[in-house]
Amino acid sequence: MFAKRSRPLASTLLAAFCSFGLLAAAPALAAGKLPHVVILATGGTIAGTGASSTTTVGYTAAKVGVDGLIAAVPELQKVAHVTGEQPLQIASENITNADWLKLSKRVNEVLARPDVDGVVITHGTDTLEETAYFLDLTVHSDKPVVIVGAMRPSTAISADGPINLYNAVILAGSKEAVGKGVLVAMNDQINAGREVTKTNTSTADTFKTPELGMLGYMQDNAPHFYRLPLRKHTSQSPFDVSHMTSLPQVDIIYGYGNDNRIALDAFVKAGSKGIIYAGVGDGSISDALKPALQEARKQGVIIVRSSRVGNGIVARNGEANDDKLDYVVSDTLNPQKARILLMLALTKTHDTKKIQQMFYTY
Ligand code: DGL
């Protein structure tokens with residue numbers, strides 16, 4: 308059992324208000340039946356501990372187990388029947404393809420149970436956006452899947468984990484979240500798994516969907532949606548990884564002034580089946596890199612032009628003659644998410660026309 312910790316001031320006040328009924332009561336649910344939400348804990352800062360209540364950097368991630376996370380937020384019991392599992396206990400920079408396959412398989416198994424209404428995954432924030440998109444493409448259920456993390460460890464003053472977890476459980480148990488794909492609920496905001504990205508190294512509002520916008524808010528114990536995801540996901544996705552034990556190797560090279568072909572050649576030599584080019588601007592390729600990419604394509608490596616910029620569409624046949632060179636463009640996917648889609652695409656085809664259509668569909 309996780310050692311008792313000094314509850315952050317905010318949680319203590321919240322508990323006090325709840326016990327005196329000063330806060331709005333937990334949402335009254337139809338017929339009084341609470342939804343059954345399963346929490347799959349994987350580690351990260353939300354499960355992190357620091358040397359003191361003022362330690363917000365230099366703490367240790369992935370220390371508190373799922374029982375400790377649930378026990379730290381007794382308010383959960385008012386909004387859902389919560390059960391927990393611990394499929395991983397890692398700092399998320401260490402997540403692997405095998406971890407994603409394991410997590411996706413477990414989420415599908417749990418959601419297939421008729422007694423389960425939704426799933427919350429607690430996760431480190433460093434690769435949270437990649438896990439969100441991987442599950443958006445491989446979970447085959449319309450039931451809510453909500454990923455949540457924190458930017459302050461559980462031991463910190465005003466830790467954001469407890470309120471984030473509370474809101475994530477409400478969202479995962481809500482009817483409003485059904486059929487909307489994998490969602491990320493942090494900082495009172497609801498973002499779509501395909502577009503959300505980490506935009507700040509350390510602040511609590513780090514997860515955003517720049518330009519295209521979040522889907523809605525968590526407020527007053529309830530979700531409030533204002534947009535819907537348009538790309539296909541979850542039950543509309545063709546990617547079934549349930550029997551896979553590995554994924555094709557896809558790597559990312561980064562474009563910059565005065566770049567070179569060293570990294571690309573090394574990846575190709577190491578057996579990469581796909582390369583995501585995190586290009587400058589609209590995926591522009593330097594004269595130094597052009598021949599290396601063409602040689603890699605001729606060796607059968609799939610090349611996807613993405614961009615380091617972070618927003619906008621990488622236009623086909625814009626900064627390169629993709630038709631002639633047989634390259635794919637990432638549309639609006641950032642490089643790390645383009646890698647997720649290309650890995651899954653390569654489990655089904657090496658036909659670049661079909662792969663390009665996947666980047667326009669998911
Ligand atoms: N090591 C980072 C991770 O597990 C900590 C960041 C966080 O979880 O907020 O992703």
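Okay, so the sequence shown: first residue is 308 according to this note's numbering, each after it adds one. Ideal Cβ placement from N, Cα and C applies to all residues, glycine included.
Residue i beta carbon near the ligand DGL (any heavy atom closer than 8 Å)
i: Ala457; result: yes
i: Ala398; result: yes
i: Leu435; result: yes
i: Ile454; result: no
i: Gly625; result: no
i: Ala463; result: no
i: Ala368; result: yes
i: Gly431; result: yes
i: Ile353; result: yes
i: Gly350; result: yes
Alpha carbon of residue i to alpha carbon of residue j, nearest angstrom
i: Asp589; j: Val616; result: 8 Å
i: Ile470; j: Leu478; result: 12 Å
i: Asn474; j: Asp629; result: 44 Å
i: Ile454; j: Val608; result: 32 Å
i: Val364; j: Asn494; result: 19 Å
i: Glu518; j: Asn618; result: 7 Å
i: Val427; j: Leu596; result: 42 Å
i: Ile397; j: Leu571; result: 29 Å
i: Pro642; j: Thr429; result: 23 Å
i: Pro381; j: Ser448; result: 29 Å
i: Val491; j: Thr403; result: 20 Å
i: Gly351; j: Ala457; result: 8 Å
i: Thr506; j: Ala405; result: 26 Å
i: Gly425; j: Thr445; result: 16 Å
i: Ser360; j: Leu649; result: 42 Å
i: Gly562; j: Asp594; result: 12 Å
i: Pro451; j: Gly500; result: 12 Å
i: Lys644; j: Glu416; result: 24 Å
i: Ile559; j: Leu341; result: 44 Å
i: Thr508; j: Arg459; result: 12 Å
i: Ile346; j: Lys576; result: 41 Å
i: Lys385; j: Ala378; result: 13 Å
i: Thr504; j: Phe514; result: 6 Å
i: Pro545; j: Thr654; result: 11 Å
i: Thr639; j: Gln496; result: 21 Å
i: Ala332; j: Val485; result: For Ala332, the predicted structure reports a pLDDT of 36, less than 50, and the residue's modelled location is therefore unreliable. A value from the coordinates is still provided. Approximately 23 Å between the Cα atoms of the pair.
i: Glu436; j: Gln601; result: 30 Å
i: Leu383; j: Leu376; result: 10 Å
i: Thr659; j: Thr432; result: 32 Å
i: Lys631; j: Ala622; result: 15 Å
i: Gln664; j: Ala463; result: 46 Å
i: Arg534; j: Ile620; result: 20 Å
Anticipated Cβ contact below 8 Å, residue i with residue j, distance rounded
i: Ile579; j: Ser613; result: Inspection of the sequence shows that residue 579 is occupied by Ser rather than by Ile. That pair is no contact at about 15 Å.
i: Gly488; j: Thr438; result: Gly488 to Thr438, Cβ: 13 Å. No contact.
i: Ser461; j: Ala354; result: 7 Å
i: Val344; j: Gly523; result: Incorrect: roughly 19 Å between the Cβ atoms, too far for contact.
i: Phe532; j: Glu483; result: 6 Å
i: Thr516; j: Asn528; result: Not quite, the Cβ-Cβ distance comes to about 23 Å (not below 8 Å), so this is no contact.
i: Ile583; j: Glu626; result: That pair is no contact at about 15 Å.
i: Val373; j: Gly391; result: 4 Å
i: Ser411; j: Thr434; result: Between Thr434 and Ser411 the Cβ distance is about 14 Å, and since that is not below 8 Å, they are no contact.
i: Tyr669; j: Arg568; result: Rounded, the Cβ-Cβ distance is 30 Å, inconsistent with contact.
i: Met551; j: Leu408; result: 6 Å
i: Arg604; j: Asp633; result: 6 Å
i: Ala387; j: Val476; result: 5 Å
i: Ile662; j: Thr656; result: 6 Å
i: Gly581; j: Pro598; result: Contact flag wrong, Cβ pair sits at about 19 Å.
Residue range of the beta strand (DSSP E) that includes residue i
i: Asp594; result: Where Asp594 is concerned, there is no enclosing beta strand (DSSP E), given that its DSSP letter is neither H nor E.
i: Tyr667; result: From DSSP, Tyr667 is part of no beta strand (DSSP E) but of the alpha helix (DSSP H) over 659 to 668.
i: Asp630; result: Note, Asp630: premise wrong, no beta strand (DSSP E); alpha helix (DSSP H) at 629 to 632.
i: Pro530; result: 529 to 532
i: Gly365; result: Run containing Gly365: none; DSSP gives neither H nor E here.
i: Ala463; result: Segment: none, Ala463 is in no beta strand (DSSP E) and carries neither H nor E.
i: Asp638; result: Unbroken run through Asp638: none, as it is neither H nor E.
i: Arg538; result: That residue, Arg538, is in no beta strand (DSSP E); it is neither H nor E in DSSP.
i: Ala556; result: Looking at the sequence provided, one finds Gln at residue 556 rather than Ala. Where Gln556 is concerned, there is no enclosing beta strand (DSSP E), given that its DSSP letter is neither H nor E.
i: Tyr563; result: Careful: Tyr563 lies outside any beta strand (DSSP E) and carries neither H nor E.
i: Met525; result: 523 to 526
i: Val344; result: 343 to 348
i: Arg758; result: Any question about residue 758 goes unanswered here, given that the chain covers just 308 to 669.
i: Ile583; result: 581 to 586
N-terminal and C-terminal residue of the alpha helix (DSSP H) that residue i is part of
i: Val646; result: Residue identity differs from the one stated: residue 646 is Arg in this sequence, not Val. Unbroken alpha helix (DSSP H) run through Arg646: 642 to 652.
i: Leu571; result: 569 to 576
Residue i: CB within 8 Å of a non-hydrogen atom of the ligand SAH
i: Thr429; result: In the structure on display, the ligand SAH does not appear, and the ligands it does have are the ligand DGL.
CB contact below 9 Å: residue i versus chain B
i: Asn567; result: Included in the structure is just one protein chain, with no chain B present.
*Going along the chain, which unbroken runs of the alpha helix (DSSP H) with 4 or more residues stay wholly within the stretch 378 to 445?*
383 to 386, 404 to 418, 435 to 445
_Continuous beta strand (DSSP E) assignments of at least 3 residues falling wholly in the stretch 480 to 512_ = 489 to 493, 496 to 499
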